[in-house]
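Just so you know, the sequences run in chain order A and B.
According to this note's numbering, the first sequence is numbered sequentially starting from 656.
According to this note's numbering, the second sequence is numbered sequentially starting from 656.
Cβ coordinates follow ideal geometry from the N, Cα and C atoms, glycine included.
Everything numeric in this text was worked out from a predicted model, so none of it was measured.
Worksheet: the structure to be examined is printed underneath.
2 protein chains.
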Amino acid sequence: MSTYRPLDATALTAHLATLPALSARLGGSPESWTAREVSDGNLNTVFIVSGPAGSLCCKQSLPYVRVDPGWAMPLERTLFEARWMQTLGAAVGHQIPALLHLDEGLFLIVMEDLSTHKVLRTALIEGDAPAGFSARIGEFVGHAGFATSWRARPFEDLFALREVFARNLSLTRITVDLVMTDPYRQGCARNRWLSPALDSDVAEIQSDSVLHAGVTRLQERFLGTTQALLHGDLHTGSVMVHNEDVRVIDGEFAIFGPLGFDLGMFIANLVMNGYALPDRESWMQDEISLLWSGFCNAYRQSWDGNTGCGDVGSLATPEETTHDQDRFFREVMRDCAGFAGLELIRRTMGFAQAADFAAAPDTAWEAEARRRALHTGRRLIVKSALIEDIEALLDAL
Amino acid sequence: MSTYRPLDATALTAHLATLPALSARLGGSPESWTAREVSDGNLNTVFIVSGPAGSLCCKQSLPYVRVDPGWAMPLERTLFEARWMQTLGAAVGHQIPALLHLDEGLFLIVMEDLSTHKVLRTALIEGDAPAGFSARIGEFVGHAGFATSWRARPFEDLFALREVFARNLSLTRITVDLVMTDPYRQGCARNRWLSPALDSDVAEIQSDSVLHAGVTRLQERFLGTTQALLHGDLHTGSVMVHNEDVRVIDGEFAIFGPLGFDLGMFIANLVMNGYALPDRESWMQDEISLLWSGFCNAYRQSWDGNTGCGDVGSLATPEETTHDQDRFFREVMRDCAGFAGLELIRRTMGFAQAADFAAAPDTAWEAEARRRALHTGRRLIVKSALIEDIEALLDAL
Ligand SMILES: Nc1ncnc2c1ncn2[C@@H]1O[C@H](COP(=O)(O)OP(=O)(O)O)[C@@H](O)[C@H]1O
Ligand SMILES: Nc1ncnc2c1ncn2[C@@H]1O[C@H](COP(=O)(O)OP(=O)(O)O)[C@@H](O)[C@H]1O
C-alpha cells in the first residue's frame, strides 16, 4: 500500500514498473510504455497505459470532483468500485472489466483495458451502437441482483456486505441530493435548464405537490429497501460496447437498494436518447423491451436454479414460486417506472445532464426533447404504482 | 472493562462494591446488600441487588441459552440491549429502564430496578394487569419508530446505526429461524404442540403452500426493509407494568426492520391471552385498538413536529404529508397483520410458546384457544394485503 499522491502519466508509469505482474502484462521495458489520459467522467482520473504485450486501464480518485475542483470529495470511492467488482465478479463474469490490482493507499484501481470498446452514450449519439445491447445489461442486472439477494445467501453474509457498501456515504449523498431532491427545489443553485423555453415546465415540476409526494415515496424506497447490490449509476455512460461485447464499468456508487433503481436509470437514458435524436424512438423502445426481458429471464433462471441457502424463500414450493416471481417482477417494474422518472427529470434540469440532448438536430427539437423528458418523468413518478408490466411502461413513455 | 466470568450473587455484589457510583445508589456497606436472582427469560441471568438506599437490576449474558445450556450463544447480546437503550433513551424517556452501567467485558448491564413492576404477561395471566397499558406501548413504538426513521435523521446517521445493529446476528438468526421458518417445516425438532388434539391443524399449517408463500413475503419484508429500529421481541413478557407506569425491557433483539413487526408481535400476544382466558377477548380487542391509536398518534405527532433534517420527506408539503401519513399507516397495518400471524403460529407450536395457554380453565379450552391461534395466524398471514386499518384487523381475529 502506497501513500496517496495524484499520479500523472509519468508517475503512473513509474509506479506500474514497480509491480511485476502488471509490468509483465505490458511487456518490454517501462521506457516503451505510453500513458494516455481518457478521463471523461465527472469524478476521477483514468489513464490507459500500453506496452508491447498489452495494455491496462488505471483509475484513480482525486480528493475533489474532477470537473469541479472546488467540490471536495473523499478518496475512498475507488475502493467501493473495487469492492463492487470483487463482489459481483463470480456472478456476472465478463460483463464487467477484470480487476487486476487495487492499491488502497493510492486509491488506484488497475483493470482490464477496454479501449477497443466505446462508451455506449457516445456510440448512441454518434449512431454506431450495435442494436440489442440492452439485453446484456438486463442480464447483468438480473445476475448481479439475484446473487446479492436474500434468496441467494444467508442474511449473515448479506448484512456484512450491506455494511461494506453502507459506508459509501459521499456518493450516496450525491444520489440522494442530485437525483431525488435538488431538481424539485426552487432556487437550488445546482439546477439549470434551457431558458426561457423550459421555464414554465420547470416551475411546474418545482411546485407540483402530487409529484413531490411521488418523489418522497421513491426517496423512502431507495433508502429503506435492501433488495440487492445496485450499480447505483447505471446510465449509458457507464457501459462500454464493442460489437456483441457489452461491459458495465464505474461501480463506485454501489449500494444496496431496490433493483428498479438500476433498471429505471438505464431506461431513462434510453428514453432521452430516443427523444433527442430523430428516428430513434422505436429502436429505443425495442431496447427497453430487451432490457426488461433480459433482466427477467436472467433473474428467473437464477431463482429457478437456486440451491436454496438464502433465508427468504426457504419454504416455497415450485408452484408458489411462480406466483412469487410474478409478484416480484411487478414490484420491480413499479420501482423501475418511478426511478426512470427521477432520472429523466434530473438529467434534464439537474446538475449532471444527458449529453444526448445537445446532439438534437436543432434547438427547437432539443427543447421539445427536454420538455418531453420532464413530462414523461413526471408521469412515470406519479403513475408508477399502476405500471406493473413492460407494456404499461412503454405506453407511458 | 473486566474479563468475562459469569457472576453469581456473591461475585456480583463484590463487583458492584468496586464501582463507586453504583455503590452510592445502593448505600450502606456491601455486607448490607442482598442479591436475588429473578431470571425468568430464556436467555440471560438477572439479579436484583438491594441496599439501604436503593436497588439495581443487573443482567448478564451467559455463553449459552439459559434455559438450554447445550445451545451455545455469543455473549454480545447484552451489548445490543445496551445500544438499544442508548439509541432510544432520548426519544422514549421513561418508557424504558434507565441504563446505569455497561461493562463490555463482563457483558453486564446495570439498569434501573423495576421490582415494583410486574411482567405484563404474568399480570395478564394472574388477572391484575391495569387496563389501557397498550396505549403506552403504542406510544413507545411510535416515538422509537419515528426517531429512527429516514424522516427524522440524515441517512448517514441511520446507515451508521443500522450497521451497529446489523451485527446482532445470533439473535436475528433466532428470529429468522424460530419465528419465520421452523414452524412451517415438517419434522423440525424444535416444534411441539398439543397432540393429538392439534395434529391435523399442524399438518395443515405445514403443507399449505399459499400460507408458505405469505410467510415468504414476510421473511423478505423483515430482512429487506429498514424502516426503523425495532425492539425485535416485543411480546407481553418484554413489558413491565405498575399502575400507569409501563416499561419496555429486554431490547437485545434490536434490529432495523418494518415497524409492523413490533406491533404485530405485541398484538398476537394480546390475542393469545384473549383466547386462553375466559371473558377476556373484548378487553384484549380494546387493548389492540389502544395500541394502534397510541402508535398512530405518537408517530403522527412526531412527524408533524419534525424539524426536517431527514432525507425522506424533505420536499413534502403539509397537504401531501397527510396523504403520505395515511398511506404509511395502511402499510404498517398490512405488515402488522402478517407479523401478528407469524407470532400466533410460532407461539402455539414453535420452540418458545406463550405461557398464557397453560392458564386456560381446562384442556379442552386450551386446545380450542391454541387451534384458534393457529387459524387466526394463518388468516392474518394470507389476508394481510387486505388488512389496512384497525377495523379490518379486529374483524380478522
Ligand atoms: N476499463 C476501461 N477501459 C478503457 N477505458 C475505460 C475503462 N474504464 C473507464 N474508461 C474510460 O474512462 C472514462 C471515465 O471512466 P468512469 O469509470 O466513467 O469514470 P468516472 O468515475 O469519473 O465517471 C470512461 O468514460 C471511459 O472512456
Ligand atoms: N429492570 C428490571 N427490573 C426488575 N426486574 C427486571 C428488570 N429487567 C428484567 N427483570 C426481570 O428479569 C426477567 C428476565 O429479564 P429479560 O430481560 O426478559 O431476560 P431475557 O433476556 O433472559 O429474556 C424479567 O422477566 C423480569 O422479571
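Am I right that residue i and residue j are in contact with their C-beta atoms under 8 Å? What's the rounded C-beta distance?
i, j, result
"B/THR881", "A/GLY879", "5 Å"
"B/ILE792", "B/VAL926", "So it is not a contact: roughly 14 Å between Cβ atoms."
"B/LEU932", "B/GLY787", "In fact, because the Cβ distance is near 18 Å, the residues do not count as touching under 8 Å."
"A/VAL857", "A/MET1004", "6 Å"
"A/ALA868", "B/GLU975", "4 Å"
"B/ASN823", "B/PHE950", "B/ASN823 to B/PHE950, Cβ: 23 Å. No contact."
"B/ARG1001", "B/LEU833", "6 Å"
"B/ASP837", "B/ASN846", "6 Å"
"B/SER789", "B/GLU936", "14 Å between Cβ atoms; not a contact."
Under a three-way DSSP split, which group does residue i fall into?
i, result
"A/LEU885", "strand"
"B/ILE1036", "helix"
"A/PRO675", "helix"
"B/PHE1006", "coil"
"A/TYR930", "helix"
"A/GLY787", "coil"
"A/SER862", "helix"
"B/TRP726", "strand"
"A/LEU763", "strand"
"B/CYS712", "strand"
"A/GLU692", "strand"
"A/ILE1042", "coil"
"A/ASP758", "strand"
"A/ILE751", "coil"
"A/SER705", "strand"
"B/GLY912", "strand"
"B/THR700", "strand"
"B/ARG902", "strand"
"A/HIS772", "coil"
State yes or no: is the C-beta of residue i nearer than 7 Å to some heavy atom of ligand 1?
i, result
"A/ARG1002", "no"
"A/ARG828", "no"
"A/PRO752", "yes"
"A/LEU730", "no"
"A/ASP966", "no"
"A/VAL693", "yes"
"A/GLU875", "no"
"A/LEU769", "yes"
"A/GLY823", "A quick correction: the sequence has Asn, not Gly, at residue 823 of chain A. Not under cutoff, so the answer is no."
Can you name, in chain order, every residue of its own chain whose Cβ lies under 6 Å from the Cβ of residue i, other than the five neighbours on each side?
i, result
"B/SER705", "THR689"
"B/ALA995", "GLY919, ILE922, ALA923 and LEU1035"
"A/ALA1047", "none"
"A/LEU889", "ASP917, MET920 and PHE921"
"B/CYS712", "ILE703, MET766 and ASP768"
Can we count residue i as close to ligand 2, meaning its CB is less than 7 Å from some heavy atom?
i, result
"B/ASN898", "no"
"B/ASP854", "no"
"A/GLU859", "no"
"B/LEU763", "no"
"B/VAL774", "yes"
"B/ILE703", "yes"
"B/CYS713", "no"
"B/ARG738", "no"
"B/ILE904", "yes"
"B/ASP723", "no"
Spatial neighbours of residue i within its chain, please: CB distance less than 7 Å, with the 5 preceding and 5 following residues excluded, ordered by chain position.
i, result
"B/HIS798", "ALA746, VAL747, ALA953 and SER957"
"A/CYS964", "ARG808 and PRO809"
"A/HIS670", "LEU662"
"B/VAL774", "GLY892 and MET895"
"B/ARG1025", "LEU849, LEU853, THR1003 and PHE1012"
"A/THR806", "In the sequence as presented, Thr is not what sits at residue 806 of chain A; that position holds Arg. Within the same chain, A/ARG806 has close Cβ partners TRP958, ASN961, GLY965, VAL967 and GLY968."
Sorted by chain position, which residues of the same chain lie with C-beta nearer than 8 Å to residue i's C-beta, five sequence neighbours on each side aside?
i, result
"B/GLN940", "GLY929, LEU1049 and LEU1052"
"A/LEU1073", "Because chain A spans 656 through 1052 in this model, residue 1073 of chain A falls outside it and cannot be assessed."
"B/LEU999", "ALA923, VAL926, MET927, ALA1028, LEU1029, THR1031, GLY1032 and LEU1035"
Ligand 3 and residue i: does the residue's C-beta get closer than 7 Å to at least one heavy atom of that ligand?
i, result
"A/LEU681", "This structure lacks ligand 3; its bound ligands are ligand 1 and ligand 2."
Listed from N- to C-terminal order along the chain, which residues in the stretch 872 to 895 of chain B have their beta-carbon within a distance smaller than 7 Å of any beta-carbon of chain A? GLN874, GLU875, LEU878, GLY879, THR880, THR881 and GLN882
Note down, in chain order, all residues in the stretch 808 to 825 of chain A with a beta-carbon under 7 Å from any beta-carbon belonging to chain B. Those would be PHE810, GLU811, PHE814, ARG817, GLU818, ALA821 and LEU824, in chain order.
Short-range partners of chain B found in the stretch 836 to 847 of chain A, where Cβ spacing is below 8 Å: THR836, TYR839 and ARG840
At a CB distance below 7 Å, what residues from the stretch 980 to 1012 of chain A approach chain B? Give them in sequence order. none
Using Cβ-Cβ distances below 8 Å, what residues of the stretch 961 to 976 of chain B are close to chain A? ASP966, VAL967, GLY968, SER969, LEU970, ALA971, THR972, GLU974 and GLU975
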